[in-house]
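Read in order, the letters of the sequence shown correspond to residues 2 to 140 in the numbering used here.
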Amino acid sequence: MKLHVEDIGAYLKSHDIKPSYQRMKIFDYLITHRNHPTVDTIYRSLSQEIPTLSKTTVYNTLNLFVEKNIAVVIVIEENETRYDADVDIHGHFKCEKCSKVYDIDIDTKKIDISSLDKFQINEHHLYFKGICEECLKNS
Numbered sequence: 002m003k004l005h006v007e008d009i010g011a012y013l014k015s016h017d018i019k020p021s022y023q024r025m026k027i028f029d030y031l032i033t034h035r036n037h038p039t040v041d042t043i044y045r046s047l048s049q050e051i052p053t054l055s056k057t058t059v060y061n062t063l064n065l066f067v068e069k070n071i072a073v074v075i076v077i078e079e080n081e082t083r084y085d086a087d088v089d090i091h092g093h094f095k096c097e098k099c100s101k102v103y104d105i106d107i108d109t110k111k112i113d114i115s116s117l118d119k120f121q122i123n124e125h126h127l128y129f130k131g132i133c134e135e136c137l138k139n140s
């Protein structure tokens with residue numbers, strides 16, 4: 002997503018989201034870091050700068066972003082919910098060693114889903130797990 006920090010307020014407004022300072026900082030975190038963060042990751046990162054921020058606010062804000070289709074939920078592990086501001090179709094790879102999650106480009110033209118023509122698709126997920134290039138180099 003090619004969105005500059007100064008454009009975040011207008012972007013949120015265009016999706017019927019009141020651009021409070023906390024919401025703008027949370028969305029800025031999502032588009033700047035691209036690390037598929039959890040609620041805790043965002044909270045720990047922003048709580049120093051925004052002492053009034055609570056985990057509940059982060060959680061509710063992320064759910065609002067998902068509801069307004071400007072972020073998606075990623076659940077690769079049952080006990081771990083992550084968020085991604087890239088709502089375009091793509092896959093993810095999670096390293097089993099360092100736990101980082103990487104985006105994977107997918108050529109949707111090469112995926113044959115014609116057997117689903119009579120179905121309504123509401124969500125799609127493509128995940129891979131293994132050891133990332135960085136961890137392989139370091140072992």
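Ideal Cβ placement from N, Cα and C applies to all residues, glycine included.
For clarity, every value in this text was computed on a predicted model and none was experimentally measured.
Query	Result
Does DSSP put Phe94 in a helix, a strand or coil?	strand
Beta carbon of Thr109, beta carbon of Ile90: below 7 Å?	yes
So Lys130 is in the beta strand (DSSP E); what residue range does that whole segment cover?	Tyr128 to Gly131
Determine the direct distance from the alpha carbon of Leu31 to that of Ile75, and round the result to whole angstroms.	13 Å
For a test of the three-state rule: what should DSSP assign to Arg35, helix, strand or coil?	coil
DSSP three-state call for Ser59: helix, strand or coil?	For clarity, residue 59 is Val in the given sequence; the question names Ser instead. Note: Val59 maps to helix in three-state DSSP.
What are the start and end residues of the beta strand (DSSP E) that includes Val102?	Val102 to Ile105
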